[in-house]
Amino acid sequence: MKNAPRTLLARALGLGCSLGLALACLPAHAIDGSGLPSYPDGLENFGSGALPPPGVYGMVYTGFAQYDHIRGNNGQDIGPPDFRVQVGVLAPRVVWVTQQSILGGQLAFHALAPLLDVDVRAGGRNFHSRGLGDITVGPALAYHASPALHYAVGFDITMPSGQYSADNPSSLGKNIWVYQPLVALSYIQREGVNADVKLMYDFNGRNGATQTRSGQAIHADYALGWGFGNGLVAGVGGYAYQQVTNDSGPNAAAGKSQALAIGPNLKYDNGKGLVVTAKFQQEYDVRNRPEGKQFYVKAILPF
């Protein structure tokens, strides 16, 4: 175990770091073997469990993530003094809510293709990549229990479509398949309490280039706020992440990764189909993965 910090650092900096961003059921931002998952934790905001009426909808996610530390098994900083990872993302997503009903829920499909700009600095070296990341697709069933309470269940698949090299820490893909069952719940009021949670479980495939498989993990995005009656909702949100099985393979981490994050959330709904959300979150209580902060904006437009 004495080599654990060195092993984690080596993997995070030199063995297939793929930093991508994706959506709700979306693509990737992760460092192979470092503990960061395929899904960018905390991406979702208010309304994550409420699908709109039947139709085709366009969404755009954009944002910025920065990581300045690598935390070890006890939360100690094991990264070099100049460690920094910056990821910019512009991710279009298409959602098709069908007229079809299955098991009492509306059948829906989505696809997301993130465009990434990744810059990595560590050990006096710089790496930069720009282009398409890992694409995510999946079906979902949407339910509307009441005018305020909505929920959805889904299954996302993230494909290794992004450029990847085991020698390039700024790779745009993870070089793995990720299978993610999920459930999302939203309580929405124009005036009053608004609450959301999106719960996910990750099954990670093996990276053929490094022969390493990241452990399974459970994680959730959350939001809690107050609606002011004019389309504006303000509150707090973030995420919680816990790895539940160990990594396996030559670049496996010595311990399980975990993290929490919190920050301010905003949502605006003009009542005519346009919805915009924004959030900033700072991570804390991080173990066996990079630590940083993120800012995400999501816009929803009906076609």
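Heads up: the sequence shown is residues 1 to 303, going by the numbering used here.
Using N, Cα and C, we set each Cβ at its ideal position, and we do this for glycine too.
Residue i by DSSP, collapsed to three states: which one?
i    : result
V244 : coil
Y151 : strand
I135 : coil
M59  : strand
S257 : coil
F280 : strand
S101 : strand
P160 : coil
S38  : coil
N73  : coil
D167 : coil
P181 : strand
F64  : strand
S214 : coil
On the DSSP letters alone, give me the boundaries of the beta strand (DSSP E) that residue i sits inside.
i    : result
M200 : E191 to N204
N126 : R125 to L132
D117 : L115 to A122
D221 : A217 to F228
A209 : A209 -> no beta strand (DSSP E), and no H or E assigned at all.
Exposed or buried, what is residue i when buried is set at 16 or more other beta-carbons lying within 10 Å of its beta-carbon?
i    : result
V89  : buried
H110 : buried
E283 : buried
L112 : buried
R125 : exposed
K267 : buried
I102 : exposed
K298 : buried
D285 : exposed
P290 : buried
D167 : exposed
State the CB to CB distance for the pair residue i and residue j, rounded to an integer number of angstroms; the pair is presumed to be in contact (CB under 8 Å).
i    : j    : result
L172 : G205 : That pair is no contact at about 17 Å.
Q242 : A65  : Q242 to A65, Cβ: 20 Å. No contact.
R287 : G42  : So it is not a contact: roughly 17 Å between Cβ atoms.
P40  : D202 : Not confirmed; about 12 Å, so no contact.
G138 : V94  : That pair is no contact at about 12 Å.
G237 : N45  : 6 Å
A140 : V120 : About 34 Å; that fails the 8 Å criterion.
D77  : R84  : So it is not a contact: roughly 13 Å between Cβ atoms.
V97  : P52  : 6 Å
Please list, in chain order, all residues of the same chain as residue i whose beta carbon is under 6 Å from its beta carbon, the five residues on each side excluded.
i    : result
H150 : G49, A50, H144 and S186
S129 : V118, S170 and L172
V275 : D269 and I300
Q99  : P54
L199 : V183 and A220
A310 : Because the chain here runs from 1 to 303, residue 310 falls outside it and cannot be looked at.
G123 : P80
A261 : G42, G238, Y239, Q281 and E283
G255 : N73 and N288
V197 : L185, A220 and Y222
Apart from the five residues just before and just after residue i, which ones in its own chain have a Cβ nearer than 8 Å to its Cβ?
i    : result
D322 : Past the boundaries of the shown model lies residue 322; the chain is included only from 1 to 303, so the question cannot be answered.
D82  : R121, A122, G123 and G124
Can you list, in chain order, the residues of its chain with a C-beta nearer than 7 Å to that of residue i? Leave out the 5 residues immediately preceding and following it.
i    : result
E191 : G227, F228 and G229
G231 : Y268, D269, N270 and G271
D156 : C25, T136, G138, Q180 and L182
P160 : D134, G173, K174, N175, I176 and W177
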